[in-house]
Amino acid sequence: MPATIETYTVPSIYSESTYYAVKADQKDIPVIAFLTDRDYDYAHFSFTGSTSITITAREPIDTYAISPLAFEIPAQIEGNKLTFNLNESRYLIIKINKLKELVLIADPLEVSAPSASGHGIYHVVNTYRADPTGITMATSGIQEAINDANAAGGGVVYVPEGVYLIGNLILKSNVTLYLQGGAVLRATNHKEDYTVDFHKDSLDLDGTWLIQTAPKSTNITITGRGTIDGNGSWLRANQSFVSNLIVPILTSNFTIDGIIGRDAGLWALIPTRANHVRITNYKGFQSLVDYEDDAIDIVESQNVLVSHTIAISEDDPFSTKTWNEATDIARNWPGSPQLLADVTFDDVIAWTCCAAFKVGMGVEQTQRNVSFKNSYVYQASRAIAIHHRFGKAPAEAIIFENIDIEQVIHDRNGPFWLHLEIEESGRGIGPVNEVLLKNINVRDQGRLPSMLRGTHPFLIEGVTFEQIYMMGNTKPAATLEEMNIRNTELYVLNEIK
406 MPATIETYTV
416 PSIYSESTYY
426 AVKADQKDIP
436 VIAFLTDRDY
446 DYAHFSFTGS
456 TSITITAREP
466 IDTYAISPLA
476 FEIPAQIEGN
486 KLTFNLNESR
496 YLIIKINKLK
506 ELVLIADPLE
516 VSAPSASGHG
526 IYHVVNTYRA
536 DPTGITMATS
546 GIQEAINDAN
556 AAGGGVVYVP
566 EGVYLIGNLI
576 LKSNVTLYLQ
586 GGAVLRATNH
596 KEDYTVDFHK
606 DSLDLDGTWL
616 IQTAPKSTNI
626 TITGRGTIDG
636 NGSWLRANQS
646 FVSNLIVPIL
656 TSNFTIDGII
666 GRDAGLWALI
676 PTRANHVRIT
686 NYKGFQSLVD
696 YEDDAIDIVE
706 SQNVLVSHTI
716 AISEDDPFST
726 KTWNEATDIA
736 RNWPGSPQLL
746 ADVTFDDVIA
756 WTCCAAFKVG
766 MGVEQTQRNV
776 SFKNSYVYQA
786 SRAIAIHHRF
796 GKAPAEAIIF
806 ENIDIEQVIH
816 DRNGPFWLHL
826 EIEESGRGIG
836 PVNEVLLKNI
846 NVRDQGRLPS
856 MLRGTHPFLI
866 EGVTFEQIYM
876 MGNTKPAATL
886 EEMNIRNTEL
896 YVLNEIK
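Given below as structure tokens:
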């Protein structure tokens, strides 16, 4: 079936790539340069059907890789052009020669995108006079649209393409925030434009919740193909200020679908004390340079599904955490500490200098029934991790299944492919129980031995290894030594098979 392809205008605040040009069939796909040459460029479009992708590099192509390698996408080289076909939505990382990577975002077409006008539509420009040029602040107009939609019992706050300078926004019940492709909500350059919601002790920096939900809200959606940009690298370097980009806090039935969350400067998307959360078709683009810039942290929440998502960050791209009232960022969170339960990451891609798929470090409250499955690690220092460092509660019933690991090369507490550890930190220790690792393809085990270590009086108990394939071996590993797990102490295995 011929492809239907939708492209998006490059926002005026972004520069186009000097490394790559991209076409889907014969349609130009804009390529945006992200932050620095130590980061990556990205190209974003939506489609259905079957399309031929042509990437033109700025130099002749000698070597290339299309990741995840598990997709086994064949390609052809002709001079400085790389061509391959796509017939379904894919998020890809393409490495050509020694150039910076290109992240290709081939989204599914939007389903039931709202019209720009009509009953229940709150158009932030036409009705609320929000400035789409990025010159004057748009916060008040967008917030007024949110308030009016909520007061009417619900509606769609429609943000057309353009650049909108914002401070803090509060999302309210029964409101959908729709960001048209090419629309950017962009944090301003000045910390005076924000509330101070926390102090990050480890960085000694104040911070804000850029976009948050009202406490005890319900039925909130952020959707579209637009971008929420925290301007975090600028704020951190020039204003000594950081932000959590999107904070669904003490809310239920919260959905994110299709948007780009970009450059938070700290932990970006953090559902916190939330219930029934759905995150899909989300692109978490963080710096590969800044420390403590996790892309997605699920915190003290229940019934969460993260699916068909890519997250790139120097620090952990996908993790779960539980804290208490004394933890720096949690001191002003509404409500009381909660357990974390029934959280699934499915069909996600991680690129990080730290741990790709991680439970912890904070386990101040119970973490139970956490699953990472059908997912891919491009680069990491540790591909799979349970690091119980802060807190006395159990981490239990944790599954890593159908995981493909490409490169374990970075040095943040590694590099080794597996890190299961209970570590004494002065804030108490607790148990890790019932861990299943199944059908893991370890293409790179890292240069250091992997870790399976409890700390007295707690063992890491009930660990099962099943179908662990090491370094291209078609036969599953039969021992810890064959899995390069040699840094061991105080553990109990169920079995290896």
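Numbering follows this note's numbering, in which position 482 of the sequence shown is assigned residue number 887; successive positions increment by one, without gaps. Think of the CB as a built atom: it goes at the ideal place given N, C-alpha and C, for glycine as much as any other residue.
By the neighbour-count criterion, in which a residue is buried when 16 or more other Cβ atoms sit within 10 angstroms of its Cβ, F870 is buried. For S718, the uninterrupted beta strand (DSSP E) run begins and ends at 707-718, by DSSP.
When the five nearest sequence neighbours on each side are left out, the beta carbons in the same chain lying within less than 7 Å of the beta carbon of A535 are those of V529, A543, G546, I547, Y569, in order along the chain. By the Cβ neighbour-count rule, P465 is exposed, with fewer than 16 other Cβ atoms within 10 Å of its own. In the structure shown, the three-state DSSP call for K726 is strand. In the three-state DSSP reduction, G635 falls in the coil class, being neither helix nor strand.
The secondary-structure analysis by DSSP pairs K428 across a beta bridge with D433, T459.
In this structure N844 is in contact with N807, their Cβ atoms being roughly 5 Å apart against a cut-off of 8 Å. I460 is positioned such that its CB atom lies no closer than 8 Å to that of V415. Counting only runs of 3+ residues, the beta strand (DSSP E) found wholly inside the segment 772-827 occupies 772-785, 787-795, 800-813, 823-827, in chain order. Residue environment: S718 is assigned as buried (16 or more neighbouring CB atoms within 10 Å of its CB, all protein chains considered). N658 is the residue among D609, D512, N658, L509 whose C-alpha sits nearest the C-alpha of K577.
Under the three-state reduction of DSSP output, S451 falls in the strand class. One thing to note: D695 has its Cβ within 8 Å of the Cβ of S638.
Taking a cut-off of 8 Å on C-beta distances, the segment 619-632 touches the segment 660-668, as three or more cross pairs fall below it. The criterion of a C-beta distance shorter than 8 Å is not satisfied by V508 and Y469.
Residue burial is scored here from C-beta neighbours: Q431 has fewer than 16 other C-beta atoms within 10 angstroms and is therefore classed as exposed. Per DSSP, the unbroken alpha helix (DSSP H) holding S545 starts and ends at 544-556. A direct Cα-Cα distance of roughly 14 Å separates D721 from D668.
DSSP, read as helix, strand or coil, puts K605 in strand. Taking V601 as reference, the option from V589, Q784, A735 with the minimal CA-CA separation is A735. Shown here, R667 sits in a strand according to DSSP, grouped into three states.
Of the candidates V748, P881, A592, A592 places its Cα closest to the Cα of I651. Runs of the beta strand (DSSP E) lying entirely within the segment 841-882, each at least 3 residues long, are 855-858, 865-875 in chain order. Only residues of its own chain outside the window of five on either side were considered, and among them A755, V782, A785, A788 have a CB closer than 6 Å to the CB of A761, listed in chain order.
The alpha-carbon of I701 is positioned some 11 Å away from that of K726. Collapsing the DSSP output to three states places R641 in a helix.
Residue pairing of G612 in beta bridges, as defined by DSSP: F603, V647. Comparing alpha carbon positions, the residue from G859, T757, F805, V768 closest to R817 is T757. Taking C-beta atoms as the reference points, T623 and T656 count as a pair closer than 8 Å.
Here A511 carries a strand assignment [DSSP, helix/strand/coil]. For the options E549, E705, S780, the alpha carbon positioned closest to that of H713 is the one of S780.
The beta carbon of V564 is closer than 6 Å to those of V529, L584, A588 in its chain, skipping five residues each way along the sequence. Put simply, the backbone Cα of E900 is about 50 Å away from that of E483. According to the DSSP assignment, S420 belongs to no beta strand (DSSP E), since it is labelled neither H nor E. The criterion of a C-beta distance shorter than 8 Å is satisfied by A462 and Y425.
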